[in-house]
Structure formats: C-alpha cells, structure tokens
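Single-structure report; data block below.
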Amino acid sequence: MKKLINDARAVVDEALGGLAAAHADILSVSFDPRYVARRGAPIVGKVALVSGGGSGHEPLHAGFVGLGMLAAAVPGAIFTSPTPDLVLAATRAVDGGAGVLYLVKNYTGDVLNFETAADLAVGAGIRVESVLINDDVAVEDSSFTAGRRGIAGAVLVEKIAGAAAERGDFLESVASIARRVNASMRSMGVGLRAGVLPYSGESTFTLAEDEIEFGVGMHGEPGRARIPLEPADAIVDRLVAAIADDLPFAPGDRVLLLVNGLGGTPQSELYIVFRRAAQALAERGLVLTRSLVGSFATSLEMQGASLTLLRLDDELVELWDAPVHTAALRWGC
Amino acid sequence: MKKLINDARAVVDEALGGLAAAHADILSVSFDPRYVARRGAPIVGKVALVSGGGSGHEPLHAGFVGLGMLAAAVPGAIFTSPTPDLVLAATRAVDGGAGVLYLVKNYTGDVLNFETAADLAVGAGIRVESVLINDDVAVEDSSFTAGRRGIAGAVLVEKIAGAAAERGDFLESVASIARRVNASMRSMGVGLRAGVLPYSGESTFTLAEDEIEFGVGMHGEPGRARIPLEPADAIVDRLVAAIADDLPFAPGDRVLLLVNGLGGTPQSELYIVFRRAAQALAERGLVLTRSLVGSFATSLEMQGASLTLLRLDDELVELWDAPVHTAALRWGC
Amino acid sequence: MSLDATWVVEWMRHSARVLAENRAELGTLDREIGDGDHGENMDRGFIAVLSELDAIPDDATPGEVLRRAAMTLISTIGGAAGPLYGTALLKASDAVGSETQLDGASIVALLRAARDGIVLRGKAEVGEKTMVDSWTPAVDAASSAEGAGESPAGILRAAAEAGSAGAEATEPLIARKGRASYLGERAIGHRDPGAQSTALILHAAADAARNA
Amino acid sequence: MSLDATWVVEWMRHSARVLAENRAELGTLDREIGDGDHGENMDRGFIAVLSELDAIPDDATPGEVLRRAAMTLISTIGGAAGPLYGTALLKASDAVGSETQLDGASIVALLRAARDGIVLRGKAEVGEKTMVDSWTPAVDAASSAEGAGESPAGILRAAAEAGSAGAEATEPLIARKGRASYLGERAIGHRDPGAQSTALILHAAADAARNA
Ligand SMILES: Nc1ncnc2c1ncn2[C@@H]1O[C@H](COP(=O)(O)OP(=O)(O)O)[C@@H](O)[C@H]1O
Ligand SMILES: Nc1ncnc2c1ncn2[C@@H]1O[C@H](COP(=O)(O)OP(=O)(O)O)[C@@H](O)[C@H]1O
Ligand SMILES: [Mg+2]
Ligand SMILES: [Mg+2]
Ligand SMILES: [Mg+2]
Ligand SMILES: [Mg+2]
Chain A
1 MKKLINDARA
11 VVDEALGGLA
21 AAHADILSVS
31 FDPRYVARRG
41 APIVGKVALV
51 SGGGSGHEPL
61 HAGFVGLGML
71 AAAVPGAIFT
81 SPTPDLVLAA
91 TRAVDGGAGV
101 LYLVKNYTGD
111 VLNFETAADL
121 AVGAGIRVES
131 VLINDDVAVE
141 DSSFTAGRRG
151 IAGAVLVEKI
161 AGAAAERGDF
171 LESVASIARR
181 VNASMRSMGV
191 GLRAGVLPYS
201 GESTFTLAED
211 EIEFGVGMHG
221 EPGRARIPLE
231 PADAIVDRLV
241 AAIADDLPFA
251 PGDRVLLLVN
261 GLGGTPQSEL
271 YIVFRRAAQA
281 LAERGLVLTR
291 SLVGSFATSL
301 EMQGASLTLL
311 RLDDELVELW
321 DAPVHTAALR
331 WGC
Chain B
1001 MKKLINDARA
1011 VVDEALGGLA
1021 AAHADILSVS
1031 FDPRYVARRG
1041 APIVGKVALV
1051 SGGGSGHEPL
1061 HAGFVGLGML
1071 AAAVPGAIFT
1081 SPTPDLVLAA
1091 TRAVDGGAGV
1101 LYLVKNYTGD
1111 VLNFETAADL
1121 AVGAGIRVES
1131 VLINDDVAVE
1141 DSSFTAGRRG
1151 IAGAVLVEKI
1161 AGAAAERGDF
1171 LESVASIARR
1181 VNASMRSMGV
1191 GLRAGVLPYS
1201 GESTFTLAED
1211 EIEFGVGMHG
1221 EPGRARIPLE
1231 PADAIVDRLV
1241 AAIADDLPFA
1251 PGDRVLLLVN
1261 GLGGTPQSEL
1271 YIVFRRAAQA
1281 LAERGLVLTR
1291 SLVGSFATSL
1301 EMQGASLTLL
1311 RLDDELVELW
1321 DAPVHTAALR
1331 WGC
Chain C
2001 MSLDATWVVE
2011 WMRHSARVLA
2021 ENRAELGTLD
2031 REIGDGDHGE
2041 NMDRGFIAVL
2051 SELDAIPDDA
2061 TPGEVLRRAA
2071 MTLISTIGGA
2081 AGPLYGTALL
2091 KASDAVGSET
2101 QLDGASIVAL
2111 LRAARDGIVL
2121 RGKAEVGEKT
2131 MVDSWTPAVD
2141 AASSAEGAGE
2151 SPAGILRAAA
2161 EAGSAGAEAT
2171 EPLIARKGRA
2181 SYLGERAIGH
2191 RDPGAQSTAL
2201 ILHAAADAAR
2211 NA
Chain D
3001 MSLDATWVVE
3011 WMRHSARVLA
3021 ENRAELGTLD
3031 REIGDGDHGE
3041 NMDRGFIAVL
3051 SELDAIPDDA
3061 TPGEVLRRAA
3071 MTLISTIGGA
3081 AGPLYGTALL
3091 KASDAVGSET
3101 QLDGASIVAL
3111 LRAARDGIVL
3121 RGKAEVGEKT
3131 MVDSWTPAVD
3141 AASSAEGAGE
3151 SPAGILRAAA
3161 EAGSAGAEAT
3171 EPLIARKGRA
3181 SYLGERAIGH
3191 RDPGAQSTAL
3201 ILHAAADAAR
3211 NA
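Chains as they are written, first to last, in this note's numbering: chain A, 1 to 333; chain B, 1001 to 1333; chain C, 2001 to 2212; chain D, 3001 to 3212.
The structure is reproduced here in structure tokens:
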C-alpha cells in the first residue's frame, strides 16, 4: 500500500511538524525531547493532564492538547509507548504547581514507561497521579491476560477530566473524575482491513475478503474472534450487546455514544454505524444524551470502527459540554 | 474491499439517518423528498445557502448544514447530482423570503439539475442566485473540456458565504462574496488508491503499486497524468506549484491553506502534507494566515489528498473566523 | 402504417429491460472514462418509469406518455444523463403534440426533437464523444429511411442501427464534453457510456415497433 | 579467567549488529502475535547504545558500561521491551558493582539480576510466553555451567544455548502477559518476539566473550 509520507522513520516528527504549523494558536511542539504542549503552559495553579502512547493513532493524543483537555501529549514511535524521559520532559513543561495527572492506556509498555516517569517526576518534586484507561471489552480481564486494553474511550476521559482541570479542580478530584469516566464506559471495535506499518510496508494483520476481526485492538491486536463479514447493522448489534451487557448499562441510563473510525473508514460508514447503534440503544431503553462521530483514535489507515458507551450523570454532561479548543475537538469557544 | 454498510443502495439514506440521529440539535433530514435542512429553517429575512451534489463526498455537503454555513444540502445518489425536484423541495424548505443562493460545483450534471431547479424555484416566486464553484486546476479550462471542476474549495465558499448570509447580507452581496472566494482560490489533488463504488464493488480507477494519479478528480476522474509514486514532499511541491502559479498567488498574499483528505488517508499523512505545503508557501513569500486540515470533501475511501489555497483579505478573514456550528465544522460557539 | 401510445409504452418497457440487462456494462464504460454511475442511473430512472406507466390512463396520447416518462426521468436519474434524457423526451412529447397516431414523419420529428433537446441543454456537437454521437446519425438515418418510404418500424430500425454505429464510432474520439473531457488522449479506445445507452434505447424503440 | 569492561562493550556491539540483522524477523514475529514494532524498537535502542559507547571513558567499569547502556535503552526503546531490558541491564549493573574483572560467579550473578529485574517489572512467570522464558533457562544453565567449573565464555555459551531453546519453546505456549495474551489459543505456534530477542542478545554475550 502507498502512503503520503517521505521517510518511514520520520513520519511521527513530520506529522508533528504539520500539526505545529497548522495549530500554532493552540499548541507548540518540542522535537527533542519530543512532546506537544498546550500553548501558554504551564498554567499556574491548574492541574495539568498528560497523556501519550505509541503514534499511529492520530489525532490521539496530540490532537487533544489545548484548552479544556490535555496540557501535554507524548507521542512515541509508531505503536510504541514513549520513554520515561520524554514523559518527564513533558511533565516539567506543563506542571503549574497543582500537580500532573497521567492518563495511561492499559498496555504493558505504557504502564511501565509512565510508571518510571511518575517515579522520576515525584523525585523531582512534582505531584503526580495516574489513571489507567481500560475500556475495551473485547478481551476478558482475567489473570490470564494483561488486562483490558485502553482504546477510544481515552478521548472521553481526556475531555471530561480536562474540563474538570480547567474549572480548577484539585488533582485528586480530577483523578477521581477520570476514574469515574473510565469505570462508567465500555468500548469495542471491529476491523475490516489492517493498517500498514510504514517501516515494513506490511499489514499488521491479514484477513480474508469475507472476514472481519471482531474486537480488534487499536494496534491490530486480535479480538474475540474472526467472523464472516456481515451487514453493518448485524456487526453493530454484536458490538452494542458486548458493550452494554458488560457494565451493564441499564434501562433509563443516559449515555454518550462515540462512533470512532479507525483511520481508513469514510464518514458515511461511521454514520451508518451510528444510525443502528442509536436504534439498538433505544431498544435497550438507554437514553442517547450526547454523541460524537469521527476518527479520533485510529490505527494507521485501518478500516473499521469502534463504539464507546459512557454512562452520564449531570456532572459528566456539564463537563462534556464545557468549552474545548484542540486540533481535533472544538466547541463552546 | 469490505465496507461497513448494509445494502449498497441504502447507503445514502442510512448515512443520513445516522447524521440526523447524531446531530438533531443542528439539522433535520427529510427522506422523501431527500434533503438536509438546518434546524429552525426557514429563517425569516436571511439568505439561505443551498448546495448539493452526488453523495460519496461526506461530510460535503450535509456535514456543513447549520449556523453560519448552509441552510440546506441536497445529496444525490453516489456520485450522481441530485434531481431538480429535490433541490426545489430543499429550496422551498429553507427560503426565508430573502432569497436562496445555490452553490454548484462545476459538473455537467450538477449544472443542469440546479439550472432546472432554479427555473422551477423562480417560477414559484423564490429569488434564486447561483454561483459556480470550479477551483480544480488539474484540468485546463478550455473549450476542449467541460471546464474546471469544483472540488474541496466548495467548503471554503460555503463557510465564507454562509457567514455573510448569517450576518444578514443581501442575496446579491452573498453571491458576490461567494464568487470572490471562488475566483480567489485554487485546488488540486492526488490519488494513491481509488475508492470502491458500493453498488458494483469495483474501484473507480486502478493504479499500479508505484503509480499515483496527479490531479485526480473527486469522483476518481483522471487528472493531469499518472506519475510514479514520490515522497510526500515532492508530491506537495508539485501540487503547490500547480496551484500557486495558476491564480497566480503573489509574494505577500495572505492565504488560507486547506489540506483535505480524500476519505481513506489518515490524519497523520495529512499533517505531513500540511508541513511541506506550509514550507512551500513560505518559500514563495505567501503568508499562511488560516489553516484547515481534515477530510472534508472525500471520494468514498479514496487514499490521497488535495490542497486548496485561498487568497484572503480582511473581510474574508473576518467571515472565516465567524462562528460556525455544523456537524463537520464548528467554532466560535 | 403508424404507431400509437401503446408503442411508446412498449418502448419504455423495452428500454427498462435492456438498460437493466446492461447496467453493469454501462457502469464499466462509465468507470473507464467517467465516474461509474451511468448504469445505476439509467436503471434507477427506467425502473421509476415502469411504475409511472402503471399509473397512466389507457387513453393517454403518445405525447402524454412521453411527457410523464420525461418528468420521471428528470426526477430520478440525476447526474448529466437525467436532464439530458429528460429534456429529450420532453421535447419529443412537444413534437408529437396531441397526435394519437404517429406516422413516419412524426417519428422522425420525435427523434429530431429529442436530439435537439439534448443539444440545447448539453451544447455538445457531433464528434465530442457524447450521446449526441449516437442520436445525430440516428436522426439522419431515420430521416433518410422516411424519405425512402420506410414504415415507422423500418425508420426506427434504421435509426437504431445508425445509433449503434455512432456509439461504436465514439471509441477513437477524444471527449470534449462531460466528465470524459478531462481524460484528453486517455479517452481514446473507450466507448462513451451515454452514446451506448442511447443506442440501447433506440433499439428498444425499434423492438417495440416490431409487432406494432 | 575473567571478563572485563571490554567484554561488556563488545557484548553491546554484537547485540546491536545481530538485532539489526534480525530487525525484520523480530518485526514479523511481533506482527504475528503483537503489534509489529519489536524489531524496530530493539534496533533503534541498540543503535543509540552504539553512539553512547563512543562516549564512555576507557577506564569505565563493566557496571558503568551496563548502567549507561541501560539508561540509553530506557530512553530509546519504549514500549514494553524498553523498560524491561533497561531494568535488566540496570540490575545487572548493580549486581557487578564496581568489579573490574568478572569471574564465572559474577557472570551468573549478572544474568540472574537481569532476569530478576525483568520479573520485578513485568511480573511474568516462566511459561507465560515472554522474554522470561528465554532468560530463566539461560540463568539456570549458566549457574550449572559455573558449578561445573566452566569459563565465563563457556558459561555464556551455555546460557545462550538454553536461551535459544527457551525461545523456541515459547512456540506452543498460550501467552498470559503482554500484547500476545489477547490472542488466546491463536498465539499457539508463534514464537515470542521478546524471547527471541533475548536469545539473540545472549548469543551476542557469548560471541563477545569468545576471543576475550
Ligand atoms: N454536455 C453533454 N452533452 C451531451 N451528452 C453529455 C454531455 N455531458 C455528458 N453527456 C453524456 O452523459 C453521459 C454520462 O452520464 P452519467 O454518467 O449518467 O452522468 P455523470 O457524468 O453526471 O456521472 C456521458 O457518457 C455523455 O454521453
Ligand atoms: N509482562 C511482561 N514480562 C516480560 N516480558 C514481557 C511482558 N510483556 C511483554 N513482554 C515482552 O515484550 C515483548 C514485546 O516487546 P515490544 O514489541 O517491543 O513492546 P510492545 O508490546 O509494547 O509493542 C514480548 O514479546 C514479550 O517478550
Ligand atoms: Mg508496541
Ligand atoms: Mg455521476
Ligand atoms: Mg457517470
Ligand atoms: Mg510490539
């Protein structure tokens, strides 16, 4: 497959170069050490949210740096979580004295690197809390696995915890809201065709023309099963069942539905997915209260989509609606 | 290729169903006759912008219905401009007595159908003006062709003319601003891999693994030439040269740069393209004043991107910055 | 000998069938030098005409049938072909007025009006690789056949054959109208889809007259 | 017989070479049951170690070389492998303290500390299809070889061979740690990429000792 790139190993830096050029009003990019910081950071007295992880999931996380969301993002190499020194550099750059909250997706690499970074930051006198994001119900959370993965739900945690930080909540309070969002949401995705790793030119997995990966991870990791391609509505019904039964969501619950594209799926298909998902929620008595449709947590140019469902309460709705101004999400200002 | 769809012939309606479910606060969808109207339309005393064209280019145009942009969008079948009766129905639904402006991309089908619709609307006592959008420099505008095509620049015309309508300009003034935007902008795209028509399962064109279509149209129409795949920067330099030399843009000109994805290209690649385009503009002495990066005018899941350059003046900047609230573009509110 | 409204109805039915049968082929021709939708568009339009025919009163004139078919095509085909074929049938309807029996001269007038309608809307000349390249030789052949005293069925057969030849003759051409005009030399070797659908529709007209 | 800092430097150089040579293969293993980056990650990390080696003073102790390599790996590999290999070398450095000559017992202590560091960070047990499945048999084999009076070079060779066997033995396993744990039964038949890179690094250690 062909890509609009120059050098497979310069992809991350060059994309960040474009981000910096297009959004100088929102953020600035440090290339060495590599991190993306909100313009005007540090903001004295406000909790700073820092997230990061492997690259290849854009706009996650750099596209969510800005007012009402992240103070900094730390992009690693493609599919490789960033190293502790980079996380530390970002932490130092945005700490405004009120402490820093790490939002970490549950992958062994992310956990280990952010753990080390937190140790180093605390050693440097910075208050750090960490919240683990693990919304993917595709894989059982048991002692036989590394635990549930964090996928597109990260966007919801970043938005809502970011709003709490923006309104001036203390570190513990922002962390507890982030944990509440994580505990109240579930996600799952489906892959139709894998993305291609730029450095090897190879697909992260291979499916037959009539197969899909049900519960695919956002690095192309396997999910629950390979199943035959079905009409979108049938696939959505499977996803909704897996997600809604897990929390479980109960009739009357107000929910936010995120339909997330994995990079190579056009918007029309995301709306076809949304249509059925909204119907399926209504059939379960869930009250669709907020919506988000787009490609926010991608896997290179993978074809497919994920659904995320978040149970809302008044405070979460208020924080969701609060102004946000980032490269990939903007409203209220 | 696999798609997240149910029935190839229901794609347009089902995607609109999702759009309606996700954005009930912004718009409403009429399915028969099929059009998308801004919530609260008609707005008495305000000029109503109506655009439309074949489907398969989402979010164009339905994603741009809302405050500060379109009053209505009329989506045809995939790649097929809508029929006059639908345009007329949309026109009737949104006319607030101040007249309706048709924004028509220059394709024979669009021109003929909107022409008939305008005749019918005028016959029904509605004031209608039409502006033709033809920003694509890929194909020479000569008596030997159907003239320049309208591509992603349509988004800029819709945004800026929409802001003029929102501030209360008269029909002639909104039309003249739309014409000014069209005259001040140039676009061109490149295709790496074609999209697939849902009803036939066939690609709209076929390229070798080392070939790109330079100047591709947004229905997969051919451009200037098939050339070997090159690094992104070399491709961008070609596009910038073709675009900037055409108006021509002169040193000192303030410009808006739109890097538009064609549906199957991930955002990271769009930013790699943006990076070089911004450099190339600077080398020409052009002043990058506003930016937009994303997949706004697509061609199913085509891999590739287009660049659009618009020469700005104070009024266009002000109209660009004015609030907009649509499914695909939102700021200032 | 003359043809009546039944012929027009049968013409539309035959057209619908043959366009459905050739949907994929027209799509392929249009993918090669256009955007691939021509087969879908024509099929969708004529399926709608079929339903419309059911609603037409038994005593409708040929002109009325043509007008209702025209309006249906205009509101269901879309794209370039919709307005062009719609205008063609609208003008054809005007040409036959309220006649109930169409003789050879009327048939020629009908075809000529259809072609003129297309040229009026689309501004294409012969040789620009459009449906006009099928319509114009068809009109000329019809006119000659009528001059030679052929029956309406014979006139339509002559038109259809000339239309087919015209469609085939678009293959070596460079396009100067429509979407294929962007292709330049790359259009050479491909048949114009609209010229091909015109040939199919003209054959449908002749087939419908065979048993009339 | 004993090994000095030169051996550690050579070990790192050999590792860098063999990981570069096997970058694609490690990538493929990781694509099959992970995310495909392990070859890139290890190669990037050890290229950085090579530059770091140039900056190390001639009189550095083995422990110092190990510590600087560890810090470099931690700040360049990322992912799961970065912290794990980084911790391994950090703990290995601690284990040899300020010794300048490493005898057999020190070598075994070094390897054991490395393995323990990985287990400390990653919490994986033997049989969970991770790099631990290469490290642990290697440590055991090294310990036996040392008990049998082998030279440092012999100890390292024994470790390397056991490490290779351990890597191979991950093939039939179901993974319970790391990214491959999501695969369930589908992991069966695939070698763990981290166990494979461990085997390569252990062979590099033995090769570096050959001429020492
Ligand atoms: N200006 C024109 N005059 C006559 N025929 C035209 C003109 N433009 C296009 N056509 C015809 O329309 C056909 C394409 O129809 P269709 O594919 O349905 O519409 P679109 O080009 O909008 O996708 C062409 O093959 C050509 O025969
Ligand atoms: N908890 C763990 N304990 C020991 N080794 C682990 C653990 N998790 C992962 N690994 C090792 O790391 C390897 C993967 O490394 P790499 O691909 O570089 O990182 P990532 O999984 O973050 O992409 C696996 O093959 C496995 O050997
Ligand atoms: Mg990884
Ligand atoms: Mg078309
Ligand atoms: Mg067409
Ligand atoms: Mg990996």
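Using N, Cα and C, we set each Cβ at its ideal position, and we do this for glycine too.
{"Item": "Inter-residue CB distance, residue 258 (chain A) and residue 292 (chain A) (contact presumed, cutoff 8 Å)", "Value": "5 Å"}
{"Item": "Chain-ordered neighbours of residue 1102 (chain B) on chain C, where CB pairs are closer than 8 Å", "Value": "Those within 8 Å of residue 1102 (chain B) in chain C number zero; the least Cβ separation is about 15 Å."}
{"Item": "Straight-line gap, residue 3161 (chain D) to residue 3134 (chain D) (C-alpha atoms, nearest Å)", "Value": "10 Å"}
{"Item": "Nearest residue (CA-CA) to residue 2163 (chain C), options C:2182, C:2149, C:2181, C:2196", "Value": "C:2196"}
{"Item": "Near ligand 3: residue 79 (chain A) beta-carbon under 7 Å from a heavy atom", "Value": "yes"}
{"Item": "Residues near residue 1088 (chain B) in its chain [Cβ-Cβ closer than 8 Å; skip 5 each side]", "Value": "1117, 1120, 1121, 1124"}
{"Item": "Proximity of residue 274 (chain A) and residue 1223 (chain B) at Cβ, strictly below 8 Å", "Value": "no"}
{"Item": "Beta-carbon proximity check, residue 1027 (chain B) vs residue 1065 (chain B), cutoff 8 Å", "Value": "yes"}
{"Item": "Residues near residue 2201 (chain C) in its chain [Cβ-Cβ closer than 6 Å; skip 5 each side]", "Value": "2015"}
{"Item": "Closest residue to residue 3022 (chain D) among A:200, A:332, A:289 (Cα-Cα distance)", "Value": "A:200"}
{"Item": "Contact belief for residue 1192 (chain B) with residue 105 (chain A) at Cβ below 8 Å, rounded distance in angstroms", "Value": "Not really, about 30 Å apart at Cβ, beyond 8 Å."}
{"Item": "Buried or exposed by the 16-neighbour rule on C-beta atoms within 10 Å, applied to residue 1039 (chain B)", "Value": "exposed"}
{"Item": "Beta-carbon proximity of residue 311 (chain A) to residue 176 (chain A), cut-off 8 Å", "Value": "no"}
{"Item": "CA-to-CA distance, residue 1045 (chain B) to residue 314 (chain A), given in whole angstroms", "Value": "38 Å"}
{"Item": "Where residue 1004 (chain B) sits in the DSSP three-state scheme", "Value": "coil"}
{"Item": "Check: residue 1035 (chain B) C-beta below 7 Å from any heavy atom of ligand 2", "Value": "no"}
{"Item": "Residue 388 (chain A) at chain D interface by Cβ criterion, 8 Å", "Value": "Any question about residue 388 (chain A) goes unanswered here, given that chain A covers just 1 to 333."}
{"Item": "Cβ neighbours of residue 1139 (chain B) in the same chain (closer than 6 Å, five flanking residues each side left out)", "Value": "1145"}
{"Item": "Buried versus exposed call for residue 1308 (chain B) [16 or more other C-beta atoms within 10 Å across all chains shown]", "Value": "buried"}
{"Item": "Through-space distance from residue 1081 (chain B) to residue 1180 (chain B), alpha-carbon basis", "Value": "24 Å"}
{"Item": "Residues bridged to residue 260 (chain A) (per DSSP)", "Value": "A:294, A:306"}
{"Item": "Residue 2014 (chain C) - DSSP class collapsed to helix/strand/coil", "Value": "helix"}
{"Item": "Chain-order list of residues whose beta-carbon lies under 6 Å from that of residue 56 (chain A) (same chain, five-residue window excluded)", "Value": "78, 79, 300"}
{"Item": "Same chain, Cβ closer than 6 Å to residue 3175 (chain D), neighbours up to 5 away in sequence not counted", "Value": "3129, 3181, 3187"}
{"Item": "Burial state of residue 3210 (chain D) (16 or more Cβ within 10 Å)", "Value": "exposed"}
{"Item": "Start and end residues, alpha helix (DSSP H) containing residue 3104 (chain D)", "Value": "3104-3122"}
{"Item": "Inter-residue spacing [alpha-carbon to alpha-carbon] between residue 247 (chain A) and residue 241 (chain A)", "Value": "11 Å"}
{"Item": "Limits of the unbroken beta strand (DSSP E) element including residue 52 (chain A)", "Value": "48-55"}
{"Item": "N-terminal and C-terminal residue of the alpha helix (DSSP H) that residue 1272 (chain B) is part of", "Value": "1267-1283"}
{"Item": "Inter-residue Cα distance where the pair is residue 1267 (chain B) and residue 3165 (chain D)", "Value": "43 Å"}
{"Item": "Residue 316 (chain A) - containing alpha helix (DSSP H), residue span", "Value": "314-321"}
{"Item": "Check: residue 2179 (chain C) C-beta below 7 Å from any heavy atom of ligand 5", "Value": "yes"}
{"Item": "CA-to-CA distance, residue 48 (chain A) to residue 70 (chain A), given in whole angstroms", "Value": "7 Å"}
{"Item": "Test item: CB-CB of residue 1108 (chain B) and residue 2178 (chain C) under 8 Å", "Value": "yes"}
{"Item": "C-beta neighbour in chain A for residue 3022 (chain D), strict 8 Å", "Value": "no"}
{"Item": "Span separating the alpha-carbon of residue 3170 (chain D) from that of residue 9 (chain A)", "Value": "31 Å"}
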